[in-house]
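Enquirer: Numbered per mature numbering (1 follows the signal peptide of the UniProt record, and there is no 0), the sequence shown spans residues -18 to -1, 1 to 862.
The beta carbon of each residue, even a glycine, is placed where N, CA and C say it ideally should be.
Take this structure, written in C-alpha cells, and hold onto it; I'll ask about it next.
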Amino acid sequence: MRQTILACLVSTIGRVYAASISLASVTVDDLINPLAVNTTTPTFSWAVNSPSVRGASFAGVQVQVLSGSTTIWDSGNVTTTDTRLAYSGSALSARSDYTFSLRLSDTAGSWTDWSSGTFGTGFFSETDWASAQWIGAANSTVDEPILRTNFTIAKEISTAKLFIAGIGNYEAYINGDRVGDYYLAPGFTTYSTRYLYDTHDVTSQLSVGDNAIGIAVGQAWFPLYKDGPAADRGAWDGNMRAKAQILITFSDGTQQIVVTDDSWKGKVGGSTSGADTPDNESFDERAEPPTWEWSSASFDASAWPSAIVQTPPATVAQSTPMEPVRIMETISAVAITNPASGVWVYDFGRNIAGFAAITLNEAADTQVSLHYAEKLSSSGRVVNEGGRYQYNTYTLAGNGSRTFTPRSSYYGFRYIELTGIAGTPNAGTVVAQRLHSDVRGIGWFSTSDTLLQWIHDTTWQTMLNNLEGVPTDGAYVEKLPWTADAAIMSETAFSSLNLKVLYTKFAQDITDAGLLSGNIAPWAPSPPEMDDYPSAAWGNSYPEVVWQLYQHFGDASVLSRFYSRIKTYVDYELNTRGSAGLVGTESWGDWVTPSVNDKTLVGTAFLYRSIARLVDIALTLGYADDAITYNSYASAVNASFHSAFYQTGTQDYRNDATEDFVQTNNLLPVAFNMTNPANHQAIVDKVAADVVSNNNHLNTGLHGTKWILPVLTQFGYKDLAYLVATQTTYPSWGYWQTLGATTLWEDWTSTARSNDHPFLGTVVDWFYQYLAGIKITGAGYSAISIVPYVPEGLTSAQASVQTARGKVESSWTNSTSQFSLSLTVPAGSVARMSLPVSSGQSVYEGGISAASASGVTAQGSADGRALFDVVSGTYSFTVE
C-alpha cells in the first residue's frame, strides 16, 4: 500500500513539474550536427513542439559545450524568448570537434529534457589549410582533370576528416569509393570574393596501410567566369582545380595531414564540358579508367604527369553554409517510344531537374547520346527550346556493362532522347535522377478545390526543381539565380521549405556580386563587374529577401549583416534618378506581362519599396536617424510617382492619359501603401472592374501577379479573387493545367520558352495568408494574425507552417449551417483571430462560448467579423 501511494506521489510530482514545452530539434548555425562551422562564435538554435498546454512558452535556455569530456562553456539559465543563442565561451580551435547539450525552461521555471548534438569547426584562416595548394592538370579549361595520390597510415585511426574545395565542383573518392553523396559541390559563389569548401567524415573509408584519394574536378558553374574577359574573372583563370586536406587523428592523439600539392598526379580525364555548361557534358570511357580503379591504392599512376599547382587568388574560404545538393529521387519512365529508327524517347511523366543514369554494354568506340528536353515535337522527338542543347555523349571502351552519370552538370527535362545503342533499350537502361538541395519541408496547404490544390502542389515541385545550392530562375533555359525571381517567391518559399541558410547565403551572394557603381547584379553569384543592368524592380530583391528572412525566421542578425550594403544600393538608386524624381532606366519592369509593361512606373514603385524596406530595417535595428532620413526620401519618391503617373481624368495610374488601364500599374501603389490611402479603395474598384471586363482574368506579369489576389481580397473582392485563381483559359494557372503542365511555366502562353519557372507561383502566398489566413505580425511568428477569407464555393482550406516556436495551423470547413476552424498557435506566440460571423450567429470554442474559453479573449467585432486574441495552444472554433 505504501509503495502504491509513493508511486502515485512520484507520478504526481512529475506531472506538476514537467515542462509545458518540449524540444523538437536543435541546430548549430542553423544546420544539424555540422562538421565544420565557419566561426568562433556559432549560434545555437532550437525549435519546440506545439504545446499541449494553452499559454505555454519558453522563458530561458541553457547550453553546455564540451571538448572531449571537458566543459568549455556553460551558459547558465539565460532568460530569453528568442530562439537563438550565440556561443560565448572559451575560444574554439580550428578543425576540432565539440559536443553540446541544450534545454529550455518554461514560464513556470520547469526544464525540458536535455537535447544533445555535435559540431565541428573548419578553417578560421588560410593558414589552417596547412600546406594544401590548389592543383589541376594541363589543358583543364574544358577537359575535366582527375587528380590522385597515395599515402600510408601507420597507426590506429580515431577520426578522419576530408576538407575539400573544387572550382567549379569536385567528386572525391577514397580507396575506390565515392566520398559522400553531394552533387555540384561545394556550391556556386562569386569566386573572386569567396569560395566554399565541404567537410566529410572519412574515418570508415581509411585503414592502416596503403590508402589513396582521387578527385575528379568539373566545370559546374565556373564557365560563367572562364568564358568572360580576363577583367571579369578577377584573379581566377579558366582552369578547373581542387584544394584538399585530410586530417587524420590517431587513437594516441597524434595527427597526420594529407594535402594537395605538386606531389600529386594529375591528368585530364574522360569528361568534357561544352561552352554552355551546365547544358552539356561528354564522357570518353577510353580516356579514363573507372573511378574505383584510379582512386584505389593499388592503381599504377606512374605514367600520369604531375599535377600543376595553380596560383591562388586572394579570396575568402568559407565552409559551405547550407544543405548540400543530393539525388533526392530516382524515377523510371512512364513510357518509352520509338519515333524513328534508332531513336528512343523516355517520358518520365513530369518535369524535373537532374540527370540520367544510363547503363550501357556496347562495343568499343560506340557513341551513345542523350538529349534532355521539356517538350516533344509533333514527330515525337525532343525539342531544344531556345537553342538550349542539353545533352550527354558517352564514347565507350567496350569493357562490359557500366552505369554512367554526369559529373558537373544537370538538366531540366521531362523527356530524354536516346540514340546510338545497337539493340532495344528497356526501362532500366535510362532512369532519371532528380537533383535538388536537400531542404526540409516545413509547410503545407490543402483545400477542397482540386485546381487550387494542383497549383499549390505544382508550385512546390517547381520550387524544388530550382534549388541547386542557389535559387534559380528555371531548370532548363538559363539556370541562373536571377534576383527578382528568388525574391518574388521568398514568402511562398519560406512558408513551404526551411530555406533560411540557403537564402542567407543567397543574400551574401548578392552582396559579393555588388557592382562598384553601388548597383547590384541582376543575378548572384555572378562574375565581378558584369554589365550594369539598371533595374529598381530587380534591385528591390536585396532588401526584400533580407527583410523576409527576418520576418519568417526571426533572426535579426541577418538585418545587421547586410544593412550597410543595402543602404549603399538604395543610395545608388536615389543618385541615379532622373530630373522628375523617377528611376532613370528600368530594364525589365513587370516581366512577362500580357499587358503593357510600363517599366519606369514599375521601377519607381519598386524604388519606393526599397527605401521603405530600408526604413523598416533601420527601425528594427534602432537606427533612428537613418529611418528619419530615408523616410523623407521615400516621401519624395512617392510624391514624384503620384505627380508623374496619376491621371486626374481617369483617377488612376497610367503612364500617360492616352494609355489603356493596366492592372499592375494600379496594384503596386496600393500594395506598397503609396500615395493617399484614402484613394486606394477607388483604385482597387477600378482593378476589379478591369478584371471583370477581362472575363475574370488577371492581366499581370511577374510583379503584378504577386499582388492581384491579396489586394482584391483586402478591399472586399474575395469572391472575385477566387474566380481569378480558378480560371482555366488564358491567362491563368488553370490554363497551364489544361495543357498538361506538371510544373509552372515562364509565361502565361501555350508557347512559353521554359516549362519550369517558379516566379508566377506567388499565388500560393494568397493560399497561406488569405484562404487559410495565416499572417506574420511579429518576426519569427512571435505574433500572428489568423484571418481566413471564405470565398463563395470553397468548402475547406488548411495551411500549416512548422516554425521555430512550434506549428502554426489554420484549418477550416464551411457549410450552409456551420463554419469550423481548428487552430494551433505556437509556443510563446499570440494570435489575433478574426472569424466571419453573420447576423444571429455566435462563436464557440470546444462547445462553449469562445469568450469564456481558456486562452481566448474576445476583442469585439468589426466589418462582420468577430475578433479574439488567442494564446499558444490548440483550439476548435465553430460559428453557428
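Could you pull the start and end residues of the alpha helix (DSSP H) that proline 525 belongs to?
Expert: Start and end: 523 to 535.
Enquirer: In the DSSP assignment, what are the bridge partners of glutamine 633?
Expert: Note: glutamine 633 sits in no beta bridge, so no partner.
Enquirer: Figure out for me which residue from Gln372, Asp79, Thr65, Asn59 has the closest Cα to the Cα of glycine 91.
Expert: For the residues Gln372, Asp79, Thr65, Asn59, the minimum Cα distance to glycine 91 belongs to Asn59.
Enquirer: Would you identify the three-state DSSP class for histidine 624, choosing helix, strand or coil?
Expert: If DSSP states are grouped into helix, strand and coil, histidine 624 belongs with the helices.
Enquirer: Would you mind reading off the limits of the alpha helix (DSSP H) that contains aspartate 127?
Expert: Residue identity differs from the one stated: residue 127 is proline in this sequence, not aspartate. From DSSP, proline 127 is part of no alpha helix (DSSP H) but of the beta strand (DSSP E) over 125 to 135.
Enquirer: Could you pull out every residue in the same chain whose Cβ sits closer than 6 Å to the Cβ of serine 264, ignoring the five residues on either side in sequence?
Expert: Excluding sequence neighbours, serine 264 sits near Thr254, Thr375.
Enquirer: At a cut-off of 8 Å, would you count valine 161 as near the ligand ADP, judging by its Cβ distance to the nearest heavy atom?
Expert: With respect to the ligand ADP, the structure offers nothing, as it holds no ligand at all.
Enquirer: Sorted by chain position, which residues of the same chain lie with C-beta nearer than 7 Å to asparagine 320's C-beta, five sequence neighbours on each side aside?
Expert: Correct list, in chain order: Trp326.
Enquirer: CA-CA distance, threonine 89 and phenylalanine 337?
Expert: In a straight line, the C-alpha of threonine 89 is about 52 Å away from that of phenylalanine 337.
Enquirer: My assumption, with CB atoms under 8 Å, is that alanine 299 sits in contact with glutamate 108. Please give the rounded CB distance.
Expert: Correct: roughly 6 Å between the Cβ atoms.
Enquirer: Express the C-alpha separation of phenylalanine 643 and phenylalanine 623 in angstroms, rounding to a whole number.
Expert: Going from the Cα of phenylalanine 623 to the Cα of phenylalanine 643 covers about 17 Å.
Enquirer: By Cβ distance below 6 Å, which residues in the same chain neighbour aspartate 163 in space, the five residues on each side in sequence not counted?
Expert: Excluding residues within five positions, the ones whose Cβ falls inside 6 Å are Arg308.
Enquirer: Would DSSP call histidine 662 helix, strand or coil?
Expert: The answer is helix: DSSP assigns histidine 662 an H, G or I state.
Enquirer: Quick one: residues in its chain with C-beta nearer than 7 Å to the C-beta of arginine 595, no 5 flanking neighbours on either side, listed in chain order?
Expert: The residues are Pro525, Glu526, Trp529.
Enquirer: Do lysine 482 and histidine 534 have their C-beta atoms closer together than 9 Å?
Expert: Closer than 9 Å, so yes.
Enquirer: If distances are taken between C-alpha atoms only, which option among Lys688, Ala119, Phe26, Tyr69 comes closest to glycine 220?
Expert: Checking every option, the nearest Cα to that of glycine 220 belongs to Ala119.
Enquirer: With the cut-off set at 9 Å, would you say alanine 414 and isoleucine 318 are in Cβ contact?
Expert: It is not a contact, given that the beta carbons lie outside the stated cut-off.
Enquirer: Closest by CA to valine 769, which one among Glu827, Trp730, Asn658, Ala844?
Expert: Of Glu827, Trp730, Asn658, Ala844, the residue nearest in Cα terms is Ala844.
Enquirer: Out of Asn343, Glu473, Gly394, Asp180, state which residue places its alpha-carbon closest to the alpha-carbon of threonine 406.
Expert: Cα-wise, what sits closest to threonine 406 is Asn343.
Enquirer: In chain order, what residues of the same chain lie with their CB nearer than 7 Å to the CB of alanine 809, ignoring the 5 residues before and after it?
Expert: So the list reads Ile3, Val30, Pro33, Ala38, Ser39, Phe40, Arg787, Gly788, Ser854, once near-sequence residues are dropped.
Enquirer: Compute the Euclidean distance between the alpha carbons of arginine 332 and proline 740, then round it to the nearest angstrom.
Expert: Taking the straight line from one Cα to the other gives about 15 Å.
Enquirer: Is DSSP giving tryptophan 748 helix, strand or coil here?
Expert: Helix.
Enquirer: For valine 540, I'd like the list of residues in its chain whose CB is within less than 8 Å of its CB, leaving aside the five on either flank, ordered along the chain.
Expert: Answer for valine 540: Thr486, Ala489, Val528, Leu531, Tyr532, listed in chain order.
Enquirer: Does the contact criterion of 3 or more C-beta pairs under 8 Å hold for the region 633 to 647 versus the region 572 to 592?
Expert: Yes, the region 633 to 647 touches the region 572 to 592.
Enquirer: If you draw a straight line from the alpha carbon of serine 278 to that of tyrosine 551, how long is it in whole angstroms?
Expert: Distance between the alpha carbons of serine 278 and tyrosine 551 is about 51 Å.
Enquirer: Distance check for isoleucine 228 and threonine 401, CA to CA, integer angstroms please.
Expert: Computed Cα separation, rounded: 42 Å.
Enquirer: Would you report the Cα separation of tyrosine 392 and glutamine 709, rounded to the nearest angstrom?
Expert: About 34 Å.
Enquirer: Whole angstroms is fine: what's the gap from glycine 235's alpha carbon to asparagine 20's?
Expert: Approximately 24 Å between the Cα atoms of the pair.
Enquirer: Confirm, please, whether the CB-CB distance from serine 802 to serine 858 is below 9 Å.
Expert: Yes. Within cutoff.
Enquirer: So what does DSSP say about tryptophan 505, is it helix, strand or coil?
Expert: Strand at tryptophan 505.
Enquirer: Can you tell me which residues form a DSSP beta bridge with serine 858?
Expert: DSSP output for serine 858 lists Ser804 as bridge partner(s).
Enquirer: Just reading off the beta strand (DSSP E) that tyrosine 328 is part of, what are its end residues?
Expert: Segment 325 to 342, the beta strand (DSSP E) holding tyrosine 328.
Enquirer: Excluding sequence positions up to five away, which residues of its chain have a Cβ less than 6 Å from the Cβ of valine 190?
Expert: Cβ neighbours of valine 190 beyond the five flanking positions: Ile135.
Enquirer: Label isoleucine 502 either buried or exposed according to how many other C-beta atoms from any shown protein chain fall within 10 Å of its C-beta, with 16 as the threshold for buried.
Expert: Buried.
Enquirer: Check whether the region 424 to 440 and the region 703 to 718 touch, using three or more Cβ-Cβ pairs below 8 Å as the test.
Expert: Yes: the two stretches touch, three or more of their Cβ pairs being nearer than 8 Å.
Enquirer: Between the Cα of valine 693 and the Cα atoms of Asn676, Gln751, Glu641, which residue gives the shortest distance?
Expert: With distances taken between Cα atoms, valine 693 lies closest to Gln751.
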